[in-house]
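Enquirer: With the numbering used here applied, the sequence shown has no gaps in its numbers, which climb one by one up to 370 at the end.
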Amino acid sequence: MFLFILWILISIWISYTDVFFRIISNIQILFIIALSTVSSFQLHLEINLLMAALILFIGIIIWRFGFLGAGDIKLICALSLIIPYDLIGLFLFLTSIVGAIIGIFIYICANFIKIEKSVPYGVAIMGSFLILFLPHLY
């Protein structure tokens, strides 16, 4: 139950800073890495260093082309440490779907109110992670 609460709190923190400041800080990423490590021991999961390294490598290329921010890439990489190999594809797919929904919502809202037209992808990333991972924690 304690891990469940910590994951919810860090998700709220990351989502808040991403929505209002479009920033996912290195401190937040370090918290995710620490919480992933603790969760992996508590839940007897492997730390997926190879997958995290692959995601970081591909993510740097995606970042260079301007498709995602560096914080988003680091967040996906840090979360991939604890996501089982068989769920990585589903996690990335779900993240893209949730991100698209948020993007459409922002695009529509931008026609009525002045808001930044960029998508706070940290919300989609954390939301997708929680959808897939919370059942293991509770």
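Glycine included, every Cβ here is placed at the ideal spot set by N, Cα and C.
#1: Is the Cβ-Cβ distance between Ile287 and Ser312 less than 8 Å?
#2: With Ile294 and Ile305 assumed to form a contact (beta carbons below 8 Å), what rounded beta-carbon distance in angstroms separates them?
#3: Tell me which same chain residues have a C-beta within less than 7 Å of the C-beta of His368, skipping the five on either side of it?
#4: Nearest to Ile265 by CA position, among Ile244, Ala284 and Val251, is which residue?
#5: Could you give the uninterrupted runs of the alpha helix (DSSP H) lying entirely in the stretch 296-358, keeping only those of 4 residues or more?
#6: Which residues in the same chain as Ile320 place their Cβ atom closer than 7 Å to its Cβ, once the five residues preceding and following it in sequence are excluded?
#7: What three-state label does DSSP hand Ile279 in the structure shown?
#8: Where do the N-terminal and C-terminal ends of the alpha helix (DSSP H) with Ile240 fall, by residue?
#9: Distance check for Thr249 and Met233, CA to CA, integer angstroms please.
#10: Near Met358, which residues of its chain fall below 6 Å by C-beta distance, leaving aside the five closest residues on each side in sequence?
Expert: Result, derived from the coordinates:
#1: On the sequence shown, position 55 is the one that residue 287 refers to. On the sequence shown, position 80 is the one that residue 312 refers to. Taking 8 Å as the Cβ cut-off, Ile287 and Ser312 qualify as a contacting pair.
#2: Start at 1 with the first residue of the sequence shown, and residue 294 comes out as number 62. Start at 1 with the first residue of the sequence shown, and residue 305 comes out as number 73. Right, the Cβ-Cβ distance comes to about 7 Å (below 8 Å), so this counts as a contact.
#3: Looking up residue 368 in the sequence shown gives position 136. Here the set comprises Leu275.
#4: Working through the sequence shown from its first residue, we reach residue 265 at position 33. Considering only alpha carbons, the answer is Ala284.
#5: 302-312 and 317-342
#6: As a first step, residue 320 must be located in the sequence shown, where it is residue number 88. Closer than 7 Å at the Cβ level, and outside the excluded window around Ile320, lie Met283 and Ser312.
#7: Counting from one through the sequence shown, the residue named residue 279 turns up at place 47. Correct three-state label for Ile279: coil.
#8: Translated into positions along the sequence shown, residue 240 becomes position 8. That run of the alpha helix (DSSP H) goes Phe234 to Phe253.
#9: To locate residue 233, count along the sequence shown from 1; it is residue 1. To locate residue 249, count along the sequence shown from 1; it is residue 17. Straight-line Cα distance between these residues: approximately 25 Å.
#10: For the purposes of this step, residue 358 is identified with residue 126 of the sequence shown, where counting begins at 1. Closer than 6 Å at Cβ, skipping near neighbours: Ser243, Ile246 and Ser247.
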